[in-house]
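The structure appears below as C-alpha cells.
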Amino acid sequence: MGGNASKVTAQDKAILDLKIQRDKLQQYQRRITILTDKETDIAKQMLAKGDKPRALLALRRKKYQQGLLAKTDAQLEQLEQLTSSVEFAQIQKDVVFGLQQGTKVLQEIHREMGGIEHVEKLMGETADAIAYQKEVSEMLGGRISNQDEDEVEDELAAMEAQIRRPAERAQEDLPSVPNAKLPQHEQRVPDEEPVRETRQAMLAE
-12 MGGNASKVTA
-2 QDKAILDLKI
8 QRDKLQQYQR
18 RITILTDKET
28 DIAKQMLAKG
38 DKPRALLALR
48 RKKYQQGLLA
58 KTDAQLEQLE
68 QLTSSVEFAQ
78 IQKDVVFGLQ
88 QGTKVLQEIH
98 REMGGIEHVE
108 KLMGETADAI
118 AYQKEVSEML
128 GGRISNQDED
138 EVEDELAAME
148 AQIRRPAERA
158 QEDLPSVPNA
168 KLPQHEQRVP
178 DEEPVRETRQ
188 AMLAE
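Residues -12 to 192 (this note's numbering) are what the sequence shown spells out, left to right.
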C-alpha cells in the first residue's frame, strides 16, 4: 500500500512539474513570436540599407531562438509520454533528469531572449549596441548547426530577392526611349519662275 501511494505521489509530482514547464514554454512561444517577427523586420530594414552583416545577425539570432523552443517542445512531448507510462517507477529517474534539463533550457531561453529593446540593438550603431551585436555573434558561433546556417543564408537570399523585385518591376514599367530617328520632312522650295514671268508681263503693258 505504502509503495503504491509513494509511486502515485512521485508520478503526480512529475506531471505537475511537467505542466508548469509546458505553461512556461507556451508563454515563451508567444513572446518569442513577437521577437522573431521583429528580428525579421530588422533584417529587411538592414538589407534595404545595404547592411548585410546586421541583417544576417538578426536572422541567425531568430534561428537560434526558434531552435531552442523546438528542442524544448520535443523534449516535453517525450516527457509527457514517459509520465503516462505504467512503468513510471522504472523510468522515474529519467523523467526527473529530463525535467531538470527542460528547466535549464527554459532558463537559457529566458536569458538569451531578452526583450524588444535587445532586438532593436541589433540595428543600433552606438558603442553599446555594437558591443551587444558582437556578443550575440560570438554566442551564436558555437550554437548554430551548419544546417541552420545554410537555412539562414537561404532566408537572407530570399529576402534580398524580395527587396530587389519591386525595384526591378518599377524599372520595367518606365516608358522606353525610342531609338529610331524621327523622319525628316523635305523642305520644298517654292517655284518662283511663274511669278517672275507674270510680273514682267504686267510691266510691259
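Glycine included, each C-beta is placed from N, C-alpha and C at the ideal position.
Nothing here was measured: the structure is a model prediction, and the numbers come from that model.
| query | result |
| --- | --- |
| Would you list, in sequence order, the uninterrupted alpha helix (DSSP H) runs of no fewer than 4 residues that lie entirely inside the stretch 99 to 146? | 103 to 107, 114 to 128 |
| Identify, in the order they occur along the chain, each residue of the same chain with its Cβ nearer than 7 Å to the Cβ of Q147, setting aside the five sequence neighbours on each side. | Note that residue 147 is Glu in the sequence shown, not Gln. If we look at E147 and ignore the five residues flanking it on each side, its Cβ neighbours are L34. |
| With L46 and A30 assumed to form a contact (beta carbons below 8 Å), what rounded beta-carbon distance in angstroms separates them? | 5 Å |
| Just to confirm before moving on: does the CB-CB distance between L109 and R48 stay below 8 Å? | yes |
| In three-state DSSP terms, what is T(-4)? | helix |
| Tell me, please, whether the stretch 59 to 67 touches the stretch 9 to 27 by the rule of three or more beta-carbon pairs shorter than 8 Å. | yes |
| How close, in whole Å, do the beta carbons of D135 and K50 come, if the pair is a contact with beta carbons under 8 Å? | 5 Å |
| Run the proximity test for A57: is its beta-carbon closer than 7 Å to any non-hydrogen atom belonging to the ligand HEM? | Ligands in the displayed structure: none, and consequently the ligand HEM is not present. |
| Go through its chain and collect everything with a Cβ distance to E140's Cβ below 7 Å, but skip five positions before and after it. | none |
| Should L3 go down as buried or exposed, given a rule of 16 or more other Cβ atoms within 10 Å for buried? | exposed |
| When burial is assigned at 16 or more other CB atoms within 10 Å of the CB, is E209 buried or exposed? | The requested residue 209 is not part of the displayed model; the chain covers only -12 to 192. |
| Can you grab the Cα-Cα spacing for the pair E26 / Q52, in whole Å? | 11 Å |
| According to DSSP, is D4 part of a helix, a strand, or is it coil? | helix |
| According to the Cβ coordinates, are A144 and L86 closer than 8 Å? | no |
| Mark A118 as exposed unless 16 or more other C-beta atoms lie within 10 angstroms of its C-beta, in which case mark it buried. | exposed |
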